[in-house]
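Engineer:
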Amino acid sequence: MTPLEQLLAPESVVSRLRASDKPQVLADLTRRAVAGQPIAPAAALAALVSREALGSTGVGRGIAVPHARLAGLQSSVAAFARLERPLDWAAIDGQPVDLVFLLLSPESGGEHLAALAAVSRRLREQSTADAIRAADSAPSIRALLLGP
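Just so you know, we're using my numbering here: the sequence shown kicks off at 2 and counts up by one.
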């Protein structure tokens, strides 16, 4: 199993998330990521909002990678959404975001940085981002994220 495969459960991938703003996207993806975990969605969302307040996680080219570390989380979890309509994310290039990979990791250990690096490598590939935007289903998107 690849690192991303361990993080991203099939039910945590959304092919057309309808949201009106960044807080709504974060709330929806947080709920999906922590389902079945011993973490309250409100606590996870608060950690993400705090992290986002430090600086936007919009990395450019329509991609955002909101992330946070949480006490009490035993292993990293993630959720992904292709947004139905691009939203302002205060990204570094000023472009709206339509691909969002949310990552929550335990407070200690190097798992967080390794997971962020793996996600960044996949989404930085323009061909992968383009294929995700053209994919017809959540399983297809997940397969593209997991890669060969």
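Each residue gets a CB set at the ideal place from its N, CA and C atoms; glycine is no exception.
#1: According to DSSP, I64 sits in a beta bridge with which residue or residues?
#2: Exposed or buried, what is L55 when buried is set at 16 or more other beta-carbons lying within 10 Å of its beta-carbon?
#3: Would you identify the three-state DSSP class for R83, choosing helix, strand or coil?
#4: Should the stretch 83 to 97 be called in touch with the stretch 108 to 126, which here means at least 3 C-beta pairs below 8 Å?
#5: Measuring CB to CB, does A153 end up less than 8 Å from L71?
#6: With a threshold of 16 other CB atoms inside 10 Å of the CB of S138, please say whether the residue is buried or exposed.
Structural biologist: Per the coordinate set shown:
#1: As a position in the sequence shown, residue 64 is number 63, starting the count at 1. I64 pairs with G61, L100.
#2: As a first step, residue 55 is located in the sequence shown; it is residue number 54 there, counting from the start. Classification of L55: exposed, given that the 10 Å Cβ count is below 16.
#3: Here the question's residue 83 lines up with position 82 in the sequence shown. Three-state result, R83: strand.
#4: no
#5: What is shown of the chain runs 2 to 149, which leaves residue 153 out entirely.
#6: Working through the sequence shown from its first residue, we reach residue 138 at position 137. Per the 10 Å Cβ criterion, exposed.
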